[in-house]
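Reading through the structure tokens given below for one structure.
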Amino acid sequence: MAGRIVVVTGASRGLGRGIALALGPLGDTVYVTGRSDGASNSTAWPGTVQATAEEVTARGGKGIAVGCDHRDDAQTKALFDRVEAEQGRIDILVNNAFGMREEAAEPGPFWERPLDAWEQMIDVGLRSSYVASWFAVRMMIRGGGGLIVNTSSPGGNAYLHTLPYGIGKIGQDKLAFDMAHELKPHPVTVLAFWHGLILTQRTRDHYAKHPDVFETLGGPSKAETPEFAGRLIDAIWRDPDRLALSGGSYWTAELAAKYGVEDIDGNKPESHRALFGGPIYDAVA
Numbered sequence: 001m002a003g004r005i006v007v008v009t010g011a012s013r014g015l016g017r018g019i020a021l022a023l024g025p026l027g028d029t030v031y032v033t034g035r036s037d038g039a040s041n042s043t044a045w046p047g048t049v050q051a052t053a054e055e056v057t058a059r060g061g062k063g064i065a066v067g068c069d070h071r072d073d074a075q076t077k078a079l080f081d082r083v084e085a086e087q088g089r090i091d092i093l094v095n096n097a098f099g100m101r102e103e104a105a106e107p108g109p110f111w112e113r114p115l116d117a118w119e120q121m122i123d124v125g126l127r128s129s130y131v132a133s134w135f136a137v138r139m140m141i142r143g144g145g146g147l148i149v150n151t152s153s154p155g156g157n158a159y160l161h162t163l164p165y166g167i168g169k170i171g172q173d174k175l176a177f178d179m180a181h182e183l184k185p186h187p188v189t190v191l192a193f194w195h196g197l198i199l200t201q202r203t204r205d206h207y208a209k210h211p212d213v214f215e216t217l218g219g220p221s222k223a224e225t226p227e228f229a230g231r232l233i234d235a236i237w238r239d240p241d242r243l244a245l246s247g248g249s250y251w252t253a254e255l256a257a258k259y260g261v262e263d264i265d266g267n268k269p270e271s272h273r274a275l276f277g278g279p280i281y282d283a284v285a
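With this note's numbering, the residue at position 194 of the sequence shown is 194, and numbering never jumps.
Written out as structure tokens, the structure is:
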């Protein structure tokens, strides 16, 4: 089970970084990508792919930092060409690249936001997941299987943050659903995660301004650390029947309960289904 080849996009900080770090102690080789090649591209929430890769290695895995702007298909192709040349295969792809400025989490209508909010959340987010999967699936089929996880959100089923955010997230769900349909002849599992409240620095900063919203979502005791999803990905990979999940969008807390996965602090995050409902695409037709 150890020694998997993993690519986590958007892993400079936040959720992507947490997923990569959770896989380090399992002995995986983790390619971590992001636009922060050498220096952080955010003053509010600093982080680099180099720092993430070094921490993966320090935890027992092999972290490999790759500066990659996923808006550029040539850079994405170069990433997967490198993985194939160095490893000969890819086992797990985590599509997490996403652009969301500090102000995007604040209330406000779409016409009062910069037009490039669409580019940040759709082109960097949704389109980059499609392109990365396009390259990865070819290797997975040749290698006999694999796992693709899109980091999504209940924002595809309810209003959250801003209009482009919701469009991007429901797109991640549909991407997993339709890819699974077309991949039925092959042992490649594709699914989307609906995360609860994730204790990234961005989230902490946002909810420090809006503590009432934080408490509505259950507060820190019911939240997930950024590493929780990485632990869950490991459990799904180890499930010999994981293909049964393909095409679905799943609350991370509910899947974790199914697999007996706890967070790094022993916490068992709670599903927010009661607040947001269930995913629209929860099975392959």
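Ideal placement from N, C-alpha and C gives every residue a C-beta, glycine not left out.
Query raised in the report: If Val83 sits next to Ile148, beta carbons under 8 angstroms apart, how far is it from one beta carbon to the other, in whole angstroms?
Result: Wrong, their Cβ atoms sit about 14 angstroms apart, outside the cutoff.
Report task. Would you give the residue range spanned by the beta strand (DSSP E) that Phe98 belongs to? Result -> Element bounds for Phe98: n/a, residue is neither H nor E.
Query - Leu23 burial status per 10 Å Cβ neighbour count (16 or more: buried) - result: buried
**Report entry** N- and C-terminal bounds of the alpha helix (DSSP H) containing Ala158
**Finding:** Element bounds for Ala158: n/a, residue is neither H nor E.
Query raised in the report: At what residues does the beta strand (DSSP E) containing Ala192 begin and finish?
Result: Val188 to Trp194
Query raised in the report: DSSP beta-bridge partners for Tyr250?
Result: Phe193
Report task. Can you grab the Cα-Cα spacing for the pair Ala244 / Glu262, in whole Å? Result -> 22 angstroms
Query raised in the report: Could you give the C-beta distance for Gly155 and Val190, rounded to a whole number, given that I count them as a contact under 8 angstroms?
Result: No, Gly155 and Val190 are not in contact; Cβ-Cβ is about 19 angstroms, not under 8 angstroms.
Query raised in the report: Within the chosen definition, does the stretch 52–60 reach the stretch 112–125 through at least 3 CB pairs nearer than 8 angstroms?
Result: no
Query raised in the report: Which value, in whole angstroms, describes the spacing of the CA atoms of Leu163 and Asp241?
Result: 36 angstroms
Query raised in the report: Going by DSSP, what residues sit across from Asn150 in a beta bridge?
Result: Asn95 and Ala192
Query raised in the report: Is Arg238 buried or exposed, if buried means 16 or more other CB atoms sit within 10 Å of its CB?
Result: exposed
Report task. Take the Cβ of Ala39 as the centre, count every other Cβ of all protein chains shown within 10 Å, and call the residue buried at 16 or more, exposed below. Result -> With a pLDDT of only 45 at Ala39, under the threshold of 50, the placement of this residue in the model should not be trusted, and no figure is reported.
**Report entry** Check whether Arg89 and Met121 have beta carbons under 8 angstroms apart
**Finding:** no
**Report entry** Cutoff 7 angstroms; reference Phe276; Cβ partners in own chain excluding five residues on either side
**Finding:** Pro154, Asn157 and Ala158
Query raised in the report: Thinking just about the alpha-carbon of each residue, which of Leu26, Gln172, Ala51 and Ala257 is nearest to the one in Thr327?
Result: No statement about residue 327 is possible, as the shown extent of the chain runs from 1 to 285 and does not include it.
**Report entry** Start-end ranges of the alpha helix (DSSP H) lying completely within the stretch 2–42, minimum 4 residues
**Finding:** 14–23
Query raised in the report: Count the other CB atoms within 10 Å of the CB of Ala192; is the residue buried (16 or more) or exposed (fewer)?
Result: buried
Requested in this report: Have a look at His161, Ser152 and Tyr31 and flag the residue whose alpha-carbon is nearest the alpha-carbon of Ile170.
Outcome: Ser152
Query raised in the report: Per DSSP, Lys62 forms a beta bridge with which residues?
Result: Thr29
Query raised in the report: Where does Ala285 fall in DSSP's three states?
Result: Note that Ala285 scores a pLDDT of 32, beneath 50, so its modelled location is shaky; the value from the coordinates is reported in the next line. Note: Ala285 maps to coil in three-state DSSP.
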